[in-house]
Amino acid sequence: YTPARGGITRGIALREARREETHVADRNERIAEIERQLSELPSGSVVTKKVSGRTYFYHRTSKDGRRHEQYVPAEQVEALRHSIERRRALAHELKELREPAVKSAPPCRHQQTFPALELRTNVLHGDSLINFAAGIASWQERSCIHALRAYLEEGRTDRVFVLYGLRRTGKTTLIRQAILHMTPEQQRRCAFIQVASGNTLADINTDLRALRDAGFGTVFVDEATLMDDFVEGAALFSDVYAAGGMHIVLSGTDSLGFLFAEDEQLYDRCILLHTTFIPYGEFERVLGLRGLDVFIRFGGTMSMGGRDYNHASTFASDKAASEYVDSAIAHNIQHSLRCYQAGGHFRALRDLYEAGELTDAINRVVEDINHSFAVSTLTRVFKSSDLSISARNLRSDCERPTDVLDRIDVAEVTARLARALEIRNAGERSVPIEPAHAREIKEYLDLLDVTRDIPVVDMSDLTHRQSHTAVALPGLRYSQAEALVQSLLEDAVFADLSAAERKRVLDRVRSEVMGRMLEDIVMLETMSARPSMRVFKLQFRIGEFDMVVYDPEAVCCEIYEVKHSARRHPAQRRHLLDEENRSATEFRYGTITRTVVLYRGEDCEEDGVCYRNVERYLIGLQALSA
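Once you know that position 383 of the sequence shown is 1827 in my numbering, the rest is easy, because the numbers rise by one and skip nothing.
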C-alpha cells in the first residue's frame, strides 16, 4: 500500500461517495416531485349507476371512514380515469423509491442530535433536507428571495411568512435556495413539511409541536392550502408557533386560499410574498433565455429553463395553456372557494360550479380578457378580435396591401379557433352566464395576479373612467393567439395563396399580436417598478400616447410610443410630436420631460425623440425596483 496507490484508492472512494450523494439527491428530488403531483391528482375510483335506463358516472372517494360520491359529466370521465390511473402509477413508483432509501440510508449526522420523532406527515430534516435542497445549488435566484431571507434572519417576529403564487412560479425553488443559504446550525434546526391531500390541521399541529419540543426553530410548510380546514384554522401558525419564537413559512399554489386566510385569520400577523408576476428582466436572468419574443411566447412561469428549470414550456401549445388554466387557475379558485366558509362563498358562481361549467367559464374569460373584457365577453358567441385587427392592418399595408383576410370564411375560422381552445359557445352551455359571473371571475383573476387593469384616459372626456385588462402571463395569451394562426392555415381561400404569401400574412398576424402584447408588458412592468407614478394610456381625438408616466409631486410627465419593430420610421413618432396633443398633455400633466419610442433596435435620437431599446428598458426597470 503505497502513498500513490492510497491516493488513487481515496480518489475512487471519493468519486463513489459523490456518485452516491448525487443518486440520493436525485431520488429525493423525484420523491418530492411525485408527492407534489400526488397532491394534485384525484384519488378514489369512477363508478357507474343506471337510472331509468340511463348511465351516470360518479367519482367515489373515502374520507374519515366515510364514502363520498360526486357526479361527473360524461365528457369528463375519461380524463378523470386517466388522472386516477396516473396517481396509482405514481404512488407505486413512490413506494419503490422509498423502500431502498429506508433499507440502506446511512445514519444522519443531523438527526442524531434529536430524539426519535413520531410524525404524522412527510417531514424532511437533517441530511434528507440538505439533499432535498442541494439539487438546485447552481440555479439563479429570483429577486424576491431577499424578502424571504430577511424574514428568516429576523429575531422573534410573531408573524408567519406566506409564499404563494400559481404553479411553476418558483415557490419550492425559493425555499430550497433559502435552506442552502442558511448556516449549518440553522439547517440543523430546520424542517420541511410536505402537506399531502388528506392531511389535516390537527396532523400539522401535532408535528409542529413535536418539532418545536425537539428544538427546531424554522419550519417550511409546503402546499399548506391542501388542508381543507386551513383557512379557518390558519391563526394557529401565527398565534401559537410564530408567537412562540419559531419562523414559520407557509407556501402553496392556492393563492386565493392564503388571501382568504389573511382576511379571516392571519390579519396583520403575516408577511405576503406573491410569486406569480415574473418580469422580463428576471425571466432573462434566471432562466438564461434572451429576447422579448421568447418572453412573449413562453413568459409567465419559470418552467422553460433549459439548463436551470424544467425542460418543457408551460405554454408550448394552446392545449398546454388550456390545461394550465384548468389546473393552476380554475382549480385554484374552485379549491379555495370550496374550503372557505364551508363552501358558502361561491356567491353567484355556485350554479356554474355545480353544473361543472365554472372551469369552462374561467377559461373563456382568460382567453378574451386581454383587450376586450366586458360582461358581453361571456355571453356573445366566441369572436377573435385578433382576426379583425389583422385584416384591417393587412388592407392598409403601405408596401403590399392584401385583402386575403376579407376573403376567408371568418365564421368557420373563428369556429375552428373556438374548438381548438375548448371554449363552448352560448348555445352549448346549460347554465347561462350572467354579468355577476363575469364580475366575480374577474375579481378572483385580479387577486391571483393573473390579470391587471391598465388605466386608459380619454382627453376629450376626463370624467369617464375606463381601463383595459391585461393578462400577466404572456405565454398564456400568445399560445391562444397562435391557435388563431393555425385556424387560418385550414381556411380554403387562405390555402390557395402561395407559400411565400401565406408566410407573409401569418408573420404579420403574429407581429400584430406580439405588438399589442408588448404594450401590455411595458405598461405592467412600469406600473410595478414605479408605484409612486401614475401610468396610463392617453387617447386624443386623433391619435394616442401608448404610455404616459406622470409624476404628481414634480408635476411632470414622460410620453412613450411602444413598437415591436426593430426599424425606425417617422410614423412611429408622429403622435408624440403632434403639437396640439403635447400642449393638451402639458396643461393636464405638467412639463413633458422625456419623449421616447421603445422599440427593438439600438438606442439613438431623431427629431428630438429618444429611441430606446425596449429590452434594455425593461431590464433597467428591474434594477429600479430592486
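We put the CB at the ideal spot given by N, CA and C, even for glycine.
Taking the C-beta atoms as reference points, Glu1667 is found nearer than 9 Å to Ser1695. Counted as a single uninterrupted DSSP element, the stretch harbouring Tyr1711 is not any alpha helix (DSSP H), since DSSP gives it neither H nor E. In the three-state scheme derived from DSSP, where H, G and I count as helix and E and B as strand, Asp2022 is classed as coil. Around Val1521, the same chain offers Val1490, Phe1501 as residues with beta carbons nearer than 8 Å, after the five sequence neighbours per side are excluded. Under the 8 Å Cβ criterion, the region 1915-1922 counts as touching the region 1765-1778, having at least three qualifying pairs.
Only exposed fits Arg1985, as fewer than 16 other CB atoms lie within 10 angstroms of its CB. Taking a cut-off of 8 Å on C-beta distances, the region 1991-2003 touches the region 2030-2045, as three or more cross pairs fall below it.
For the pair Ala1687 and Ala1792, the Cα-to-Cα distance works out to about 38 Å. Within the region 1625-1679, the runs of beta strand (DSSP E) that reach at least 3 residues and sit entirely inside it are, in chain order, 1634-1638, 1662-1666. When Asp2047, Val1606, Phe1759, Asp1673 are compared, the shortest CA-CA separation from Asn2057 is found for Asp2047.
Annotation for Arg1603: Ser1682, Ala1686, Arg1713, Cys1714, Ile1715 place their beta carbon closer than 7 Å to its own, counting only its chain and skipping 5 residues before and after. The region 1968-1981 makes contact with the region 1898-1909: 3 or more CB pairs, one atom from each, lie closer than 8 Å.
The straight-line gap separating the alpha-carbon atoms of Val1606 and Leu1592 is approximately 9 Å.
Distance between Cys2000 and Leu1482, taken at the CA atoms: about 54 Å. Residue pairing by DSSP leaves Arg1921 without any beta bridge partner.
Taking 8 Å as the upper bound for CB-CB distance, Leu1892 and Ile1773 are in contact here, some 7 Å apart. When only Cα atoms are considered, Glu1798 and Arg1471 end up about 40 Å apart. Taking each of Ile1528, Arg1782, Glu2059 in turn and checking the Cα distance to Gly2045, the smallest one comes out for Glu2059. DSSP places His1779 in the uninterrupted alpha helix (DSSP H) bounded by 1775-1783.
DSSP places Tyr2004 in the uninterrupted beta strand (DSSP E) bounded by 2000-2006. Note that the C-beta distance between Gln1631 and Ile1574 is below 9 Å.
Setting aside the 5 residues that flank it on each side, Glu1726 is surrounded in the same chain by Arg1586, Ser1587, Gln2066, each with a C-beta closer than 8 Å to its C-beta; the list follows chain order.
Between the region 1621-1631 and the region 1731-1747 there are fewer than three inter-stretch CB-CB distances shorter than 8 Å, so the stretches are not counted as touching.
Distance check between Ala1705 and each of Arg1498, Asp1905, Glu2049, Tyr1784 places Tyr1784 closest, using alpha-carbon atoms only. Excluding five sequence positions before and after Lys2007, the CB atoms of its chain that fall closer than 6 Å to its own CB belong to Gln2016, Tyr2043, given in chain order. Ala1678 is classed as buried because its beta carbon has at least 16 other beta carbons within 10 Å across all chains shown. A direct Cα-Cα distance of roughly 14 Å separates Glu1801 from Val1769. Judged by their CB atoms, Phe1674 and Val1567 are not nearer to each other than the 9 Å cut-off. If you draw a straight line from the Cα of Gly1661 to the Cα of His1569, it is about 12 Å long. When the five nearest sequence neighbours on each side are left out, the beta carbons in the same chain lying within less than 6 Å of the beta carbon of Tyr2061 are those of Leu2042, in order along the chain. CA-CA distance, Ala1914 to Asp1964, rounds to 6 Å. The three-state secondary structure of Gly1787, taken from DSSP, is helix. Ala1640 places its beta carbon 9 Å or farther from that of Glu1884. Measuring C-alpha to C-alpha distances from Ile1806 to each of Leu1781, Arg1794, Lys1886 identifies Lys1886 as the nearest. Beta-bridge partners of Pro1899 (DSSP): Ser1911. Boundaries cannot be given for His2013, as no beta strand (DSSP E) includes it and DSSP labels it neither H nor E.
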